[in-house]
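Protein chains in written order, with the working numbering: chain A, 1 to 144; chain B, 1 to 144.
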DNA sequence: GTATCTGCAAAACATTTGCAATTCT
DNA sequence: AGAATTGCAAATGTTTTGCAGATAC
């Protein structure tokens, strides 16, 4: 459970506790993900942090995200092969991508899904579930 | 339901029935997918068909697969951002990728999965589910 | 004979790598 | 000072695009 708050002191501690030196760039990138639960792409993160960190490079964003994944504090979402997204919520949950507005929503499943005899003797490390379609907002705005 | 057999005459008819002119390359590419349910990448398809069609180019493989997807007779699987795979089975089902041997297995779910109040007012067009881990064969061979 | 299909070469992108400069302790 | 981090430029790898030649009906 993520019980940390979003002030930079706590993010620093959080990173330290996961074996990550809290550099300025790392703090800002993690805080951006934590405060904006929009499953951003590298480009979105980069563009949003540029005003604050004018010297920032995409390489650093890539390096940092890969480090976070390796230390298991974020997860990678592959919905389209052309855009990798990142999520601070590392628990197993689904996603919904709206084909109209492009927004990615979290999806939490009610029933204890996913029983398959196919997997009985397999070791499952990761479960990924996503949907594509049209979100409520877009359905309403299209109808108008 | 795919009830066609794998001789080239029937594949030709099948393609025609879906508004696709059955060229030699298209027949061979569809037949390869139909006869080898291994969820191959473009590269795998290309390498396997090259001996049979020495003039084949990857562009044609890409063009053909995109046409098949557009006509809805195959589906795209995005499990890793670095490798797109293709499946002749267009029904909704899951996949399992072994992190050891790289093989992708089909996963058919028993219970009528996937109820989420989050999606109540959303229009769902596609459902994608996949797992990563270690397959039975690899578990056994690692133990030895 | 005209439409379509194929396949080469080049372009377009996202991501990674090598390495030199910078920063932190 | 020494070790880690950052960021530029170049490399890599996949997919798409433009276009000319080949093929099919």
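Every residue gets a Cβ at the ideal spot worked out from N, C-alpha and C, and that includes glycine. These numbers come from a predicted model, not from an experiment.
Under the Cβ distance rule, residue 60(B) does not count among the residues neighbouring chain A, no pair being separated by less than 8 Å.
Residue environment analysis places residue 118(A) among the buried positions, since at least 16 neighbouring C-beta atoms fall within 10 angstroms of its C-beta. Within the region 115 to 141 of chain B, the residues whose Cβ lies closer than 8 Å to any Cβ of chain A are, in chain order, 115, 116, 117, 118, 119, 121, 122, 123, 124, 125, 126, 127, 128, 129, 130, 131, 132, 133, 134, 135, 136 and 139.
The three-state secondary structure of residue 131(B), taken from DSSP, is strand. The Cβ atoms of residue 49(B) and residue 21(B) do not sit closer than 8 Å to each other. Only those residues of the region 56 to 82 of chain A whose C-beta falls short of 9 Å from the nearest C-beta of chain B are listed: 76, 78, 79, 80, 81 and 82. Relative to the Cα of residue 95(A), the nearest Cα in the group 82(A), 46(A), 120(A) and 135(A) belongs to 135(A).
Contact annotation for residue 107(A) against chain B: 116, 118 and 119 [CB-CB distance below 8 Å, chain order]. Contact annotation: residue 19(A) and residue 71(A) have beta-carbon atoms nearer than 8 Å. Look at residue 90(A): its C-beta is not under 8 Å from any C-beta on chain B. Assignment of residue 71(B) by DSSP, reduced to helix, strand and coil, places it in the coil class.
Around the beta carbon of residue 142(A), a 10 Å sphere encloses fewer than 16 other beta carbons of the protein chains shown; the residue is thus reported as exposed. The Cβ neighbour count for residue 43(B), taken over all protein chains shown within 10 Å, is under 16; the residue is labelled exposed. When secondary structure is reduced to three states using DSSP, residue 12(A) falls in the helix class.
Around the C-beta of residue 90(A), fewer than 16 other C-beta atoms lie within 10 Å, and the residue is accordingly described as exposed. Selection 124(B), 137(B), 131(B) and 130(B) evaluated against residue 131(A) yields 124(B) as nearest (Cα-Cα).
Using a C-beta cut-off of 8 Å, the region 78 to 86 of chain A makes contact with the region 70 to 85 of chain B, since at least three inter-stretch Cβ pairs fall below that distance. For residue 99(A), a Cβ of chain B is located within less than 8 Å of the residue's own Cβ. Boundaries of the alpha helix (DSSP H) harbouring residue 34(B): 24 to 35, taken from the DSSP string. The Cβ atoms of residue 74(A) and residue 87(A) lie closer than 8 Å to each other.
For the pair residue 108(B) and residue 93(B), the CB atoms are nearer than the 8 Å cut-off. Around the CB of residue 59(B), fewer than 16 other CB atoms lie within 10 Å, so the residue is classed as exposed.
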